[in-house]
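Some notes on the structure that comes next.
Residue numbers (UniProt numbering): 1 to 303.
Pasting the structure below:
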């Protein structure tokens, strides 16, 4: 359960810290720096495994490049770009639509059947997200306004869904920390020219180096980068691609709680309703996952 809950907790905090970084660190530069920090922390634990599996790393280089581009270089860069014009809550809410993208991506690209409980769970989770978005009043739906950052986050959500399916469908045989270190390294190579172009043509002020900047980079490098990705890979390996993304719907809840603690914003009644809907959606997804596992065991036994 910990590996399922930790990523949305860390990513909920990432939305707030990423917003705090606006005006302090340019978004693509922040993405580059976070992964450099994460790789420096991971490398002492992973370099021996990387050397021992050089042949496998070369064999799966194309796959590792693709997953690094989708996740390390693109998803996180798009998220920080989104936070320059969108709110932490909005980005978390859009990210919470990932279960729908996972279901669609799996069905369209990989021909994975969609169970009825998964569909119902996704609908209830999105209803919970929508409850937060309209602040418990359906009449506010007509007042919603989306900014470019919302579209960046939507594109990033699709990339994350594809990345998650690729992790499940392609087994490289690499130890998890070796594969993650390789993805980080390759992602940094992709992120370097992005950050360089941003500094040259993006119109952002240079990095403001101070203690606050160091704290921001340290947090995003350790928690939403290294620890969240380690937990995510283990969750996908243990539970498949569909169930873990339902837990991403907890990210807006964690964002709200952290906003309350850090910004003094108290929760409202509709937050409780939204949390109940999201948790019910997760429970239904778990039921679908358990039912699928039981059917698989039954099929093997009868064969």
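For every residue, glycine included, the Cβ atom is placed at its ideal position computed from N, Cα and C.
Proximity of residue i and residue j at Cβ, strictly below 8 Å
i           : j           : result
residue 160 : residue 84  : no
residue 274 : residue 92  : no
residue 150 : residue 82  : yes
residue 110 : residue 47  : no
residue 43  : residue 181 : yes
residue 25  : residue 219 : no
residue 277 : residue 131 : yes
residue 157 : residue 95  : yes
Residue i - containing alpha helix (DSSP H), residue span
i           : result
residue 96  : Careful: residue 96 lies outside any alpha helix (DSSP H) and carries neither H nor E.
residue 198 : 176-201
residue 67  : 61-68
residue 47  : 27-52
residue 209 : Here residue 209 belongs to no alpha helix (DSSP H), and DSSP marks it neither H nor E.
residue 80  : 76-82
residue 156 : 148-169
With 16 other Cβ atoms within 10 Å as the buried cut-off, status of residue i
i           : result
residue 31  : buried
residue 262 : exposed
residue 148 : exposed
residue 14  : buried
residue 254 : buried
residue 129 : buried
residue 6   : buried
residue 140 : exposed
residue 210 : exposed
residue 9   : buried
residue 61  : exposed
- prompt: So, do the region 47-61 and the region 167-177 have three or more beta carbon pairs nearer to each other than 8 Å?
  reply: Three or more beta-carbon pairs drawn from the region 47-61 and the region 167-177 are found closer than 8 Å, and the two stretches are therefore classed as touching.
query: With a cut-off of 8 Å, do at least 3 Cβ pairs link the region 70-77 to the region 184-192?
result: The region 70-77 makes contact with the region 184-192: 3 or more CB pairs, one atom from each, lie closer than 8 Å.
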